[in-house]
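Down below is the structure, laid out as structure tokens.
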Amino acid sequence: MNETILLIEDNESIIMGLEYLLTEEQYTFLVAKTKKEAQDLLAGRQVDLVLLDVSLPDGNGFDLCRKIKEHDIAPVIFLTAKDEEKDVVLGFDLGADDYVIKPFRNRELVSRIRNVLRRTEKIRRLTCGNIVVEPDTGKVYRDGEPIAVTKLEYKILMTLFSNPHKIFTREEILNGIWDMAGNFVNDNTLTVTMKRLREKLGDKEGNVIVTVRGIGYRLNL
Numbered sequence: 001m002n003e004t005i006l007l008i009e010d011n012e013s014i015i016m017g018l019e020y021l022l023t024e025e026q027y028t029f030l031v032a033k034t035k036k037e038a039q040d041l042l043a044g045r046q047v048d049l050v051l052l053d054v055s056l057p058d059g060n061g062f063d064l065c066r067k068i069k070e071h072d073i074a075p076v077i078f079l080t081a082k083d084e085e086k087d088v089v090l091g092f093d094l095g096a097d098d099y100v101i102k103p104f105r106n107r108e109l110v111s112r113i114r115n116v117l118r119r120t121e122k123i124r125r126l127t128c129g130n131i132v133v134e135p136d137t138g139k140v141y142r143d144g145e146p147i148a149v150t151k152l153e154y155k156i157l158m159t160l161f162s163n164p165h166k167i168f169t170r171e172e173i174l175n176g177i178w179d180m181a182g183n184f185v186n187d188n189t190l191t192v193t194m195k196r197l198r199e200k201l202g203d204k205e206g207n208v209i210v211t212v213r214g215i216g217y218r219l220n221l
């Protein structure tokens, strides 16, 4: 067992307690105390599960959960004192995989973590011709061989795969690749990134990513 769990929490006693508990369970433990710290960390490192408090010093966990789920980064378990029904419902509506109310029982939390990880451990594969994408690992394959893609290139693929039969406008793709840290991606960057992605996919003829003139792009399924 070597899954990486990110705790987003600013309460030192909870941080210390969960660090001890989860490292004893052989998980790799990471912590971010603010929304910004979490966004910066998630922009540069893959995690297997996020434990997320709602009340953060520089924002709320609901907004952060929305971003995490939009980018298909990791399963999320809310860990919060907010126990009103409207908060629980909002958490699940945003895509949370579980909602645990403080104070929590340690062994029960570990069991919930294991349950969520079991539900998400099966690797999904998205296929378009000879191209395969594994969203849970972030890997891309061409003819069965792994190829290295940048974060922006990967986000373009995931945007297109999110609705494989849809024609995406350039604006929709730009919205899809706006990164977790909030860095702006402009139209010229999209053009260059799309060209490089097609080269890596061996798709110079547009047989995988089809250009719909005057509109945008779609997958060739």
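Each residue of the sequence shown is one higher than the last, beginning at 1 in the UniProt record's numbering.
Glycine included, each C-beta is placed from N, C-alpha and C at the ideal position.
So, using beta-carbon positions, are residue i and residue j closer together than 8 Å?
| i | j | result |
| --- | --- | --- |
| residue 81 | residue 50 | no |
| residue 204 | residue 147 | no |
| residue 224 | residue 88 | Nothing can be reported for residue 224: it is not among the residues displayed for the chain, which extend from 1 to 221. |
| residue 119 | residue 77 | no |
| residue 159 | residue 131 | no |
| residue 79 | residue 53 | yes |
| residue 190 | residue 173 | yes |
| residue 129 | residue 207 | yes |
| residue 153 | residue 193 | yes |
| residue 14 | residue 64 | no |
| residue 30 | residue 41 | yes |
| residue 140 | residue 157 | yes |
| residue 142 | residue 202 | yes |
| residue 149 | residue 90 | no |
| residue 83 | residue 68 | no |
Round the Cβ separation of residue i and residue j to the nearest angstrom and send it over; I've been treating them as touching at under 8 Å.
| i | j | result |
| --- | --- | --- |
| residue 47 | residue 6 | 4 Å |
| residue 219 | residue 164 | 5 Å |
| residue 216 | residue 168 | 5 Å |
| residue 3 | residue 28 | 7 Å |
Considering just the uninterrupted stretch of the beta strand (DSSP E) at residue i, what are its terminal residues?
| i | result |
| --- | --- |
| residue 80 | 76 to 80 |
| residue 216 | 216 to 219 |
| residue 134 | 131 to 134 |
| residue 141 | 139 to 142 |
| residue 98 | 98 to 101 |
| residue 5 | 4 to 8 |
Between which two residues does the alpha helix (DSSP H) carrying residue i extend?
| i | result |
| --- | --- |
| residue 38 | 35 to 44 |
| residue 29 | Where residue 29 is concerned, there is no enclosing alpha helix (DSSP H), although the beta strand (DSSP E) it sits in stretches over 28 to 32. |
| residue 116 | 106 to 120 |
With DSSP as the reference, please indicate the residues paired to residue i in a beta bridge.
| i | result |
| --- | --- |
| residue 60 | 55 |
| residue 146 | 141 |
Does residue i come within less than 8 Å of chain B when only Cβ atoms are used?
| i | result |
| --- | --- |
| residue 81 | As a matter of chain content, chain B is missing from the structure shown, which is built from one protein chain. |
Using 8 Å as the threshold, is the segment 33 to 44 in touch with the segment 59 to 67, meaning 3 or more CB pairs across them? yes
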